[in-house]
Amino acid sequence: MNYKLLYTSRYGSQRKIVIFDFKRGMMIELTIDELEKEELDLKLRQYIIKMKDQIDSGYWDYPI
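Using the working numbering, the first residue of the sequence shown is number 1195, and each one after it goes up by one.
Now the structure itself:
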């Protein structure tokens, strides 16, 4: 697995997701709506979808 979910936070009415990409050595910030974009790597989309229940429940929330 090249990705690790670091944390999520509320961004207006959305939830911002911060993921570390070990292959590229960088953090990726996105919202759930951005999963629809074709430019996102398929494995990244699959990883986020797998974690979606925890993301939606606020399990990974970090108050900013």
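Built from N, CA and C at the ideal position, the CB exists for glycine as well.
| query | What number of angstroms, rounded off, separates the C-alpha of residue 1246 from the C-alpha of residue 1206? | reply | Cα atoms of residue 1246 and residue 1206: separation of roughly 18 Å, rounded to the nearest angstrom.
| query | Is it buried or exposed for residue 1243, if we count other Cβ within 10 angstroms and need 16 for buried? | reply | It is exposed - the Cβ of residue 1243 has fewer than 16 other Cβ atoms within 10 Å.
| said: Excluding the 5 residues flanking residue 1222 on each side, which residues of the same chain have their C-beta closer than 6 Å to its C-beta? | reply: These residues qualify, in order along the chain: 1213, 1215.
| query | Taking the continuous alpha helix (DSSP H) assigned at residue 1251, which residues delimit it? | reply | Here the alpha helix (DSSP H) through residue 1251 covers 1236–1251.
| request: Pull up the DSSP beta-bridge partners for residue 1223, would you. | output: Partner(s): 1212.
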